[in-house]
Structures are given as structure tokens and as C-alpha cells.
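Residue numbers (my numbering), protein chains in the order written: chain Z, 182 to 268; chain Y, 1456 to 1753.
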């Protein structure tokens, strides 16, 4: 799977959970999740959906809720997913 | 002395987090992964709960200082899948309300959340096991709490446990109703008063904020300007063997918050609130007072 596909997929998941009006093209990878309105529950929801995504690529991969926090940047999340999924 | 050490620890760790933002850059990294500063960790992370600092203007007596804050560190090795565990320390001191509050706490906090997707109610469990020192009535306490709430997300539905947006993001709202059960074992100096208290409670928390005008460019949540918030807690001590005659208690707290600093990962606001009622576990005795405070949430 191409890295750009993973980047776009992660950004799309973040955008869907944020419920903000905009597109993934407007999403700065240096933005912290908290600046996109994420609180603790939203980080947990993001971890759950990223978990489903990485499992679809690599069956034994997983993302814990504790690994996603609101001070992470979008790039941190992308890095975590690429590392977990081995993309 | 212990209380000052706890306060000092909260301030030092807060300062470190302000400066470095991420625990992964510190010597704590192998054990802890995330730092947070709030008013309390008894309720779920979702609830609006900034740490409060500064000034009180009680009905009687002179103004004095206030610290109503809690800090947590996520314990990486003890967190797995939907389960997250934290070490928490809390410090609640309000020196010149009509009845002073002076209480500090330390213990273990956990949360459990398994995502169920959009448009459905997802249960969120938050629990605490902690030691509480209440200075005003010179008691030591052991407490266990279990809080239950729902998270719901999805565009064009009523969100719960998270910020939702109205009118093209001109307004931000948040609804966080929850139910909780508390068990408090009290060890006061007076052995006659020793015993346990079991309290079920309901907590209704809601807020709506007028946001700054949205700027074009990179994607960001609208930044709040002014916010109206209300929190109502209703409890009943169904079991009370302490002899302190605690039965039905409540805490009603409407507030107005003015946000003057919104950074990438924190917000600072000035808050004015009216407080009516009590919070026995946190050492707040039944009373009413106005509170003006500087509020910080990381």
C-alpha cells in the first residue's frame, strides 16, 4: 500500500471525527489534535478507528487508546499508523 | 508538609509540560506517556474541567487565593486496548469561602472506552482508587469511584461527551450527562465518626460558546470567545455509617467563561461562577459563593 494512501486515510478519519467543515487538503500535519477540537473521548474514538484500519493492513497490529492523545500532531498520528501497519 | 510537596509537584510537572508539551521528551518516558492538567479526574476526560487558580470573593470575609487543580500521567505499561490507566494527584484549596476547602488526593485512575462508530451511544467508564486527606475536618479517607457516561458523535445529530458545532461553527456546545457511584471510607481523629459512605449521583453538565469568526486557511476548530456553562450534581448517601448525618447533597454551578488564550494544545480563560451546594468527597462544605478565577486546561 502506498504511503500517500495511508496519509490520506488517516487524515480522512481525523476529519470525520473532528466534524469540522473542510477538506483533508486544508489539514496541516503540524496541527495538534486538540487544535482540531479533540478531547479525551474523541482521541479514544480515533484510536478505535485507527485500530480497525491498521488491522485491515496487518492482522496482528493494534492501536491502544492510551497511544492517542490530544497533544499529538496529525503527523505523529500518521507516523504511528505507518509504524504499526508497516506501510 | 505533604500537601505543599503535592502542590509543588503539580506546579513543577505543569511547568515542565508547558515547556516541553510531551512527556516522551522527559525521563518519565518509559513509564508515563501523557500529562494533563484539569480541575479533577473524577469525571471523564470529555467534561469541561479546567484547573482554577487565583481569587475568591465570598459572601463573608476577605478575598484570598484558590487552587482547584489536578494533574495526571498516563501509565503506558498499564494501558492496553480500550483500557487506559493514570496516576493522578489533586489539590483543592479555597481559603476564604464561608467554609474553607482544603483537600488533597493521590491515586489511580482508569478509563474504559471501546469505539462503536458514529451515531450510536458508546459507553465510557471512568474509575478512581485514591487516598484523600481532608485538612479542614482532619480526616484521612480511602475512596473508590465509578463514573458512567455516553459518547456520541456524527454530523447532524446531538453530540454527547465531545464538542459539537452549530450554525456553521459560530457556536460550540457540549453535553456530558453522567452517573457515578462513590464509596468513601472515613478515618477521622474522632473514632466515633469512623465509617463508610456510599453515594450514587447524577451529574448534568452542559455548555455553549460563541466562537471567534472563522479564519480561512488551515483546518482548525473554532476558537471560543465567551461561554455559558452549567453543572448540576445531585447525590444521596444511601449508606452512611459515619454518624455525620450526610444524606441528600447537591452542587449547582452556573458559569461564564471568557477565553483570552487558545493555543495548539491548551486554553486559558477567566471564569465567573456561582457555586451553591457541596462536594463532600472533595471537602467542599455546603455553602454558596461567587468565584472569579483564572482557568487553565491542558
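Cβ atoms here follow ideal geometry from the backbone N, Cα and C, with glycine treated the same way.
By alpha-carbon positions, which one of the options ends up nearest to residue i?
{"i": "residue 1537 of chain Y", "options": "Z/233, Z/255 and Z/257", "result": "Z/233"}
{"i": "residue 1736 of chain Y", "options": "Y/1529, Y/1534, Y/1561 and Y/1507", "result": "Y/1561"}
{"i": "residue 1630 of chain Y", "options": "Y/1521, Y/1585, Y/1687 and Y/1668", "result": "Y/1687"}
{"i": "residue 1695 of chain Y", "options": "Y/1489, Y/1741 and Y/1651", "result": "Y/1651"}
{"i": "residue 1697 of chain Y", "options": "Y/1644, Y/1623 and Y/1493", "result": "Y/1644"}
{"i": "residue 1488 of chain Y", "options": "Z/251, Z/263, Z/204 and Z/237", "result": "Z/251"}
{"i": "residue 1672 of chain Y", "options": "Z/202, Z/239 and Z/229", "result": "Z/202"}
{"i": "residue 1573 of chain Y", "options": "Z/188, Z/186, Z/205 and Z/229", "result": "Z/229"}
{"i": "residue 1587 of chain Y", "options": "Y/1616, Y/1724, Y/1738 and Y/1699", "result": "Y/1738"}
{"i": "residue 1552 of chain Y", "options": "Y/1750, Y/1751, Y/1741 and Y/1752", "result": "Y/1741"}
{"i": "residue 208 of chain Z", "options": "Z/256, Z/186 and Z/184", "result": "Z/256"}
{"i": "residue 1563 of chain Y", "options": "Y/1545, Y/1585 and Y/1670", "result": "Y/1585"}
{"i": "residue 237 of chain Z", "options": "Z/260, Z/245 and Z/265", "result": "Z/265"}
{"i": "residue 1704 of chain Y", "options": "Y/1674, Y/1716, Y/1558 and Y/1656", "result": "Y/1656"}
{"i": "residue 1611 of chain Y", "options": "Z/200, Z/183 and Z/206", "result": "Z/200"}
{"i": "residue 1670 of chain Y", "options": "Y/1534, Y/1752 and Y/1623", "result": "Y/1623"}
{"i": "residue 1667 of chain Y", "options": "Y/1717, Y/1600, Y/1535 and Y/1609", "result": "Y/1717"}
I'd like the span of the beta strand (DSSP E) that includes residue i, first residue to last.
{"i": "residue 1672 of chain Y", "result": "Unbroken run through residue 1672 of chain Y: none, as it is neither H nor E."}
{"i": "residue 1571 of chain Y", "result": "Premise fails: residue 1571 of chain Y is in no beta strand (DSSP E) and is neither H nor E."}
{"i": "residue 187 of chain Z", "result": "From DSSP, residue 187 of chain Z is part of no beta strand (DSSP E) but of the alpha helix (DSSP H) over 184–199."}
{"i": "residue 1718 of chain Y", "result": "It is not in any beta strand (DSSP E) - residue 1718 of chain Y carries neither H nor E in the DSSP assignment."}
{"i": "residue 1613 of chain Y", "result": "Premise fails: residue 1613 of chain Y is in no beta strand (DSSP E) and is neither H nor E."}
{"i": "residue 1699 of chain Y", "result": "Unbroken run through residue 1699 of chain Y: none, as it is neither H nor E."}
{"i": "residue 1605 of chain Y", "result": "1594–1606"}
{"i": "residue 1582 of chain Y", "result": "1577–1589"}
{"i": "residue 1549 of chain Y", "result": "1538–1549"}
{"i": "residue 1430 of chain Y", "result": "Not covered by the structure: residue 1430 of chain Y. The range shown for chain Y is 1456 to 1753."}
Excluding sequence positions up to five away, which residues of its chain have a Cβ less than 7 Å from the Cβ of residue i?
{"i": "residue 1702 of chain Y", "result": "1691 and 1692"}
{"i": "residue 254 of chain Z", "result": "210, 211, 212 and 213"}
{"i": "residue 1555 of chain Y", "result": "1549 and 1591"}
{"i": "residue 1539 of chain Y", "result": "1529, 1565 and 1566"}
{"i": "residue 1731 of chain Y", "result": "1707 and 1743"}
{"i": "residue 1594 of chain Y", "result": "1641, 1642 and 1643"}
{"i": "residue 1557 of chain Y", "result": "1548, 1590, 1591 and 1738"}
{"i": "residue 1494 of chain Y", "result": "1504, 1505, 1506, 1507, 1523, 1524 and 1525"}
{"i": "residue 188 of chain Z", "result": "259"}
{"i": "residue 1608 of chain Y", "result": "1573, 1614 and 1617"}
So, at 6 Å on beta carbons, what are the nonlocal neighbours of residue i in its own chain, with the 5 sequence-adjacent residues on each side left out?
{"i": "residue 1527 of chain Y", "result": "1491, 1496, 1541 and 1543"}
{"i": "residue 1710 of chain Y", "result": "1684, 1726 and 1728"}
{"i": "residue 1579 of chain Y", "result": "1499, 1568, 1604 and 1606"}
{"i": "residue 1476 of chain Y", "result": "Residue placement at residue 1476 of chain Y is poorly supported in this model, since its pLDDT is 48, which falls under 50; the coordinates still yield a value, given next. There are no such residues."}
{"i": "residue 243 of chain Z", "result": "232"}
{"i": "residue 1654 of chain Y", "result": "1637, 1690 and 1692"}
{"i": "residue 1632 of chain Y", "result": "1659"}
Would you call residue i buried or exposed, if buried means 16 or more other Cβ atoms sit within 10 Å of its Cβ?
{"i": "residue 247 of chain Z", "result": "buried"}
{"i": "residue 191 of chain Z", "result": "buried"}
{"i": "residue 224 of chain Z", "result": "buried"}
{"i": "residue 1621 of chain Y", "result": "exposed"}
{"i": "residue 148 of chain Z", "result": "For chain Z, the structure presents residues 182 to 268; residue 148 of chain Z sits outside this window and is missing."}
{"i": "residue 262 of chain Z", "result": "buried"}
{"i": "residue 1733 of chain Y", "result": "buried"}
{"i": "residue 1713 of chain Y", "result": "exposed"}
{"i": "residue 217 of chain Z", "result": "buried"}
{"i": "residue 204 of chain Z", "result": "exposed"}
{"i": "residue 1646 of chain Y", "result": "exposed"}
{"i": "residue 1546 of chain Y", "result": "buried"}
{"i": "residue 1598 of chain Y", "result": "buried"}
{"i": "residue 1602 of chain Y", "result": "buried"}
{"i": "residue 1674 of chain Y", "result": "buried"}
{"i": "residue 1581 of chain Y", "result": "buried"}
{"i": "residue 1751 of chain Y", "result": "buried"}
{"i": "residue 185 of chain Z", "result": "exposed"}
{"i": "residue 235 of chain Z", "result": "buried"}
Sorted by chain position, which residues of the same chain lie with C-beta nearer than 8 Å to residue i's C-beta, five sequence neighbours on each side aside?
{"i": "residue 227 of chain Z", "result": "194, 195, 198, 214, 219, 249 and 258"}
{"i": "residue 1665 of chain Y", "result": "1625, 1626, 1679, 1680, 1681 and 1682"}
{"i": "residue 1618 of chain Y", "result": "1627, 1628, 1629 and 1676"}
{"i": "residue 1571 of chain Y", "result": "1577"}
{"i": "residue 239 of chain Z", "result": "265, 266 and 267"}
{"i": "residue 1715 of chain Y", "result": "1723, 1724 and 1725"}
{"i": "residue 1634 of chain Y", "result": "1602, 1603, 1604, 1655, 1656, 1657 and 1658"}
Just confirm the distance between the C-beta atoms of residue i and residue j, as a whole number of angstroms; I'd bet it's less than 8 Å.
{"i": "residue 222 of chain Z", "j": "residue 1606 of chain Y", "result": "4 Å"}
{"i": "residue 1589 of chain Y", "j": "residue 1583 of chain Y", "result": "Actually they do not touch by this definition, with Cβ atoms about 16 Å apart."}
{"i": "residue 1724 of chain Y", "j": "residue 1505 of chain Y", "result": "7 Å"}
{"i": "residue 1648 of chain Y", "j": "residue 1699 of chain Y", "result": "6 Å"}
Between which two residues does the alpha helix (DSSP H) carrying residue i extend?
{"i": "residue 1624 of chain Y", "result": "No alpha helix (DSSP H) holds residue 1624 of chain Y; DSSP gives it neither H nor E."}
{"i": "residue 1687 of chain Y", "result": "That residue, residue 1687 of chain Y, is in no alpha helix (DSSP H); its beta strand (DSSP E) goes 1679–1691."}
{"i": "residue 229 of chain Z", "result": "221–238"}
{"i": "residue 265 of chain Z", "result": "255–266"}
Residue i versus chain B: which residues are under 7 Å apart at the beta carbon?
{"i": "residue 1548 of chain Y", "result": "Here chain B cannot be found, since the structure's protein chains are Z and Y."}
Given the structure, does residue i come close to the ligand NAP, in the sense that its CB is under 8 Å from one of the ligand's heavy atoms?
{"i": "residue 1538 of chain Y", "result": "No copy of the ligand NAP occurs in the structure displayed, which carries no ligand at all."}
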